[in-house]
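Since the structure comes first, as structure tokens, the remarks are kept for the end.
2 protein chains.
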Amino acid sequence: MELLRASIITIGDELLIGQVIDTNSAWMAQQLNLVGITVSRRVAVGDEWNAIWSTLDEELEKSDIILLTGGLGPTADDITKPLLCEYFGGKLVSDPKVLAHVTYLFEKVLKRPMIERNIRQADVPDVCTVLHNRNGTAPGMWFEKNNKIVASLPGVPHEMKGLMSDEVIPRLLQHFQPPVIVHRTLLTAGIGESFLAERINAFETSLPAFIKLAYLPNYGMVRLRLSASGYDKETIEKIMEEQFTLLQEQVADVLVTNKDESMDQVVARMLLDRRETLGTAESCTGGYIAQLLTSVAGSSRYYLGSIISYDNQVKKHLLDVPDSTLESEGAVSEATVIQMVKGALAALKTDYVIATSGIMGPDGGSSRKPVGTVWVAVGNQDEIITQQFHFRFDRRRNIELTATNAFNLLRKFIISRGTEKTNSH
Amino acid sequence: MELLRASIITIGDELLIGQVIDTNSAWMAQQLNLVGITVSRRVAVGDEWNAIWSTLDEELEKSDIILLTGGLGPTADDITKPLLCEYFGGKLVSDPKVLAHVTYLFEKVLKRPMIERNIRQADVPDVCTVLHNRNGTAPGMWFEKNNKIVASLPGVPHEMKGLMSDEVIPRLLQHFQPPVIVHRTLLTAGIGESFLAERINAFETSLPAFIKLAYLPNYGMVRLRLSASGYDKETIEKIMEEQFTLLQEQVADVLVTNKDESMDQVVARMLLDRRETLGTAESCTGGYIAQLLTSVAGSSRYYLGSIISYDNQVKKHLLDVPDSTLESEGAVSEATVIQMVKGALAALKTDYVIATSGIMGPDGGSSRKPVGTVWVAVGNQDEIITQQFHFRFDRRRNIELTATNAFNLLRKFIISRGTEKTNSH
């Protein structure tokens, strides 16, 4: 079976000097995979004529579909459009529909006068199909050559996303008849990657050839993904289901979820199912847990708010952590996080509270409490449980680890009290 | 002048199905640029023998330095090590130093028994120089061939970072004598990319050939970057300084900072300089502003905490927003954010407070208050100012835009009150 292969080319010097992180191509890859198109390469190149040209040559050798992002802005360093025009042997012509759209955006939305550069954004190669960009001024472009597709999209994430969903994916499905790709993912916690690999070794070696197993270790948890591809959707899904059930049986004792979701999403779903609410009292995570939860639409149904007590005065005044506790035990202590849970339960009036306090680094450590020392408490009106962690990473990762482990602690807390809670509802 | 070129190859199926966002290569590119090495390409490939092999072939044609990350774990889908061993014609041998380090990590840090797979992590090709990975079990590998360098690093971010800083960068500097690259960056706010381009067009065309100008538009702000490279450091820096001064003069009225820093870093620096403190009362940003501030070490000197009032009950009880205001004006209103500032100033006892309330989408909009409607207030004990925004993007971007614009509003608030404040200190 021949795979339908795509290459993603991202264009921009800012990618090569590391000034921006490329989030576009991960999103694009997800969308392509969902419809059975395999991304075989992602290449980032600078705003350089020859580099873009030769990369196009190379990727057209390797892939059936080339998606480009970036380099479509109105300034001199944006050269993707004239380059593609020359590459496909066309000439630039003003597109009346695009011009009307650009004019509309300037008059009604941006409320700024248009200048020559903006008018030029409506110029498109006469050898492409223009893709309507409802979110911005730079149109997408669709070229066909020897049954291969080259599509060019702006680098601004929400413009690229709109064009992918509205134009690129539907057109690709129409043009090609891609194979089905099925992924099934589960998340484990509390077992190392090597041990997991030992345990499921026999399972892995007995997998049918068209199913691949991947390990994605992250933050003390390991995600396992089975991927199958082929043209007979029914058969593939049936065999995948059998294999995924087998895999779940092998890891039942360490299984967190059999969906492709993160630890915070698992907890959010539990809260939603149980119609219960969560609040947080964050010190060392400084709002990271709150923003993880609120980054999901609809989170207001289970997440009510947080008291971020970065400073000890805030711990005292808003969470009633006594001076004596802060002095004798310190802000990073079991006694402090327990009181933070109590204080936040009283202030926020939620069913559960997560509290965190720790030393995230790189400064602030001591021999008794080195960088990475973290106390987490979770609880409700009836009970509070705590856990101490010793993370050994950089600030960012220590914060992320604290959040993930705090969610895991709350997950276990809710499960262990599941029967009573369900009864009391 | 011949540039010293590097390619970064990231390995892993998870990159091609979009399950993880590649943050490694942006960081690596930054480090390489700082020492005058130009990253000319970044390529992501899957865990596939032939794909990795041919990508190595191709990148060795184009670049002097090839850095690989990923595929060094202990499981079957990690094939980078045997592949590199074969590619460079070596054989795998157990390295006693690496074995001692892996054993130490398992015994003292991970506190788990070692299994065969872990012992195999100490196997290295006998044709490479082993790079010590102080943060993990997978060693880095350094190969030389025809005066070109291939170095392989683990994909785990903090392990990769340690190896880059400890081993790869110092060795590259020793091996090559790279040209100097100088970047100077400034940030503007309140002017569109096209207008800016019109304004500095003459400046841009008169730049010396070895200096490049790039526009990096983002969230209503435009970053401008000048990049120069060459071997005569003193001359380059002198001319760069002159040009950067000229550029600053051209954008003086819209200049936010002449450093490569984000809007929140600008505000953090202002607070630190003035020894003043900030608190936040976040509704629609849900902790995003707090975690931005606290992601920086030392932020506790100017950031004391937040009341995240995602739910209206929290706005009432902890920020004293009256029922009547919430009922007549709604949670997304000028009156609400003004009271949120007052309430948070009283509760958190900071010099300044930022308050946000808005509809981030995709749900929750109405015809009177569509998705993207946001009220921001900033103030101190003496005065509170507000601004309304209408963002038109997805949830994530609406949140980020709110945060950046809130920081910008606070920046202007502090500047406009600068003289008095300085006097009162």
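Going down the list, the sequences are from chains W and S. Residue numbers for the first sequence follow my numbering, beginning at 1 and rising by one. Residue numbers for the second sequence follow my numbering, beginning at 1001 and rising by one. Where is the CB? At the ideal position from N, CA and C, for every residue including glycine.
Quiz item: So, is residue 1424 of chain S buried or exposed, given that buried needs 16 or more other C-beta atoms within 10 angstroms?
Solution: Low confidence applies here, because residue 1424 of chain S scores a pLDDT of 36, under 50, leaving its location unreliable; read the following figure in that light. Classification for residue 1424 of chain S: exposed.
Exercise. Verify whether the separation of the beta carbon atoms of residue 1351 of chain S and residue 1276 of chain S is less than 8 Å.
Key: Against a cut-off of 8 Å, the Cβ pair of residue 1276 of chain S and residue 1351 of chain S comes out as a contact.
Quiz item: Going by alpha carbons, who is nearest to residue 1066 of chain S out of S:1072, S:1073 and S:1057?
Solution: S:1057
Practice problem: Could you work out which residues of chain W lie near residue 1316 of chain S, taking near to mean beta carbons separated by less than 9 Å? | Solution: Going along chain W, no residue has its Cβ under 9 Å from residue 1316 of chain S, so there is no contact; the nearest lies around 11 Å.
Exercise. Go through its chain and collect everything with a Cβ distance to residue 1414 of chain S's Cβ below 6 Å, but skip five positions before and after it.
Key: 1270
Quiz item: Given a limit of 9 Å on CB to CB distance, which residues of the segment 213-247 of chain W reach chain S?
Solution: 213, 214, 215, 216, 217, 218, 223, 225 and 227
Quiz item: Do the CB positions of residue 1410 of chain S and residue 1378 of chain S come within less than 8 Å of each other?
Solution: yes
Quiz item: Does residue 1424 of chain S have its Cβ less than 8 Å from a Cβ in chain W?
Solution: Residue confidence for residue 1424 of chain S is low, a pLDDT of 36 falling below 50, so the modelled location carries little weight; the figure read from the coordinates is stated next. Not one chain W Cβ lies under 8 Å of residue 1424 of chain S.
Exercise. Could I get the ranges of all uninterrupted beta strand (DSSP E) runs contained in the segment 1001-1050 of chain S, with 3 residues as the minimum, in chain order?
Key: 1005-1011 and 1038-1045
Exercise. With 9 Å as the C-beta to C-beta threshold (strictly closer), list the residues of the segment 1291-1315 of chain S near chain W in chain order.
Key: 1291, 1292, 1293, 1294, 1295, 1296, 1297, 1298, 1299, 1300, 1303, 1304, 1305, 1306, 1307, 1308, 1309, 1310, 1311, 1313, 1314 and 1315
Quiz item: For a contact meaning CB atoms closer than 9 Å, what does residue 1362 of chain S contact in chain W?
Solution: Under the 9 Å cutoff, chain W gives 297.
Practice problem: Leaving out five residues on either side along the sequence, give the residues of the same chain with a beta carbon under 7 Å from the beta carbon of residue 1098 of chain S. | Solution: 1122, 1124, 1130 and 1139
Quiz prompt | Identity of the residues DSSP links to residue 1216 of chain S by a beta bridge | solution = S:1223
Quiz prompt | Cα-Cα separation, residue 1207 of chain S to residue 1185 of chain S | solution = Straight-line Cα distance between these residues: approximately 15 Å.
Quiz prompt | Inter-stretch contact at 8 Å, needing at least 3 Cβ pairs: the segment 97-111 of chain W / the segment 180-199 of chain W | solution = Inter-segment contact for the segment 97-111 of chain W and the segment 180-199 of chain W is absent: fewer than three beta-carbon pairs are separated by less than 8 Å.
Exercise. Kindly indicate the opening and closing residues of the alpha helix (DSSP H) around residue 1143 of chain S.
Key: Premise fails: residue 1143 of chain S lies in the beta strand (DSSP E), 1140-1145, not in any alpha helix (DSSP H).
Practice problem: Can you give me, in chain order, the residues of the segment 1330-1359 of chain S that have a beta carbon less than 7 Å from any beta carbon in chain W? | Solution: 1347, 1348 and 1349
Self-check item: Cβ-Cβ separation, residue 211 of chain W to residue 224 of chain W (assumed contact under 8 Å), whole Å
Solution: With 8 Å as the limit, residue 224 of chain W and residue 211 of chain W do not qualify as a contact, their Cβ atoms being about 12 Å apart.
Quiz item: Any contact of the segment 320-331 of chain W with the segment 289-301 of chain W, i.e. 3+ C-beta pairs under 8 Å?
Solution: no
Quiz item: Are residue 308 of chain W and residue 1306 of chain S close, meaning C-beta to C-beta below 8 Å?
Solution: yes
Quiz item: CA-CA distance, residue 47 of chain W and residue 153 of chain W?
Solution: 15 Å
Quiz item: Should the segment 1030-1046 of chain S be regarded as contacting the segment 15-30 of chain W, the criterion being three or more beta carbon pairs within less than 8 Å?
Solution: The segment 1030-1046 of chain S vs the segment 15-30 of chain W: in contact.
Quiz item: Which residues in chain S sit within 7 Å of residue 19 of chain W, going by Cβ to Cβ distance?
Solution: 1216
Quiz prompt | Nearest-angstrom Cα separation, counted from residue 151 of chain W out to residue 52 of chain W | solution = 14 Å
Practice problem: List the endpoints of the continuous beta strand (DSSP E) containing residue 1323 of chain S. | Solution: Membership of residue 1323 of chain S in any beta strand (DSSP E) is not indicated; the residue belongs instead to the alpha helix (DSSP H) covering 1323-1328.
Quiz prompt | 8 Å CB neighbourhood of residue 1369 of chain S in its chain, flanking five on each side removed | solution = Within the same chain, residue 1369 of chain S has close Cβ partners 1330, 1332 and 1359.
Quiz item: So which of W:115, W:132, W:155 and W:117 has the shortest CA-CA distance to residue 9 of chain W?
Solution: W:155
Quiz item: Excluding the five sequence neighbours on either side, which residues of its own chain have a C-beta within less than 8 Å of the C-beta of residue 1286 of chain S, listed in chain order?
Solution: 1308, 1310 and 1399
Self-check item: Enclosing beta strand (DSSP E) for residue 1264 of chain S [first to last residue]
Solution: Taken as a continuous stretch (DSSP letters only), residue 1264 of chain S belongs to no beta strand (DSSP E), being part of the alpha helix (DSSP H) at 1263-1274.
Practice problem: Determine the extent of the alpha helix (DSSP H) in which residue 1416 of chain S is found, giving its start and end residues. | Solution: Taken as a continuous stretch (DSSP letters only), the alpha helix (DSSP H) holding residue 1416 of chain S covers 1395-1416.
Quiz item: CA-CA distance, residue 302 of chain W and residue 404 of chain W?
Solution: 18 Å
Quiz prompt | Bridge-paired residues (DSSP) for residue 282 of chain W | solution = Answer is W:308 and W:356, bridged to residue 282 of chain W.
Quiz item: Can you list, in chain order, the residues of the segment 21-43 of chain W whose Cβ is nearer than 9 Å to any Cβ on chain S?
Solution: Under the 9 Å Cβ criterion, the segment 21-43 of chain W contributes 21, 22, 23, 25, 26, 27, 28, 29, 30, 31, 32, 33, 38, 39, 40, 41, 42 and 43.
Quiz item: Residues of chain W with CB under 7 Å from residue 1045 of chain S, in chain order?
Solution: Contact of residue 1045 of chain S with chain W by beta-carbon distance below 7 Å involves 41.
Exercise. Determine, using beta carbons only, whether residue 140 of chain W comes closer than 8 Å to chain S.
Key: Closer than 8 Å: no.
Quiz prompt | Backbone secondary structure at residue 170 of chain W - three-state DSSP | solution = helix
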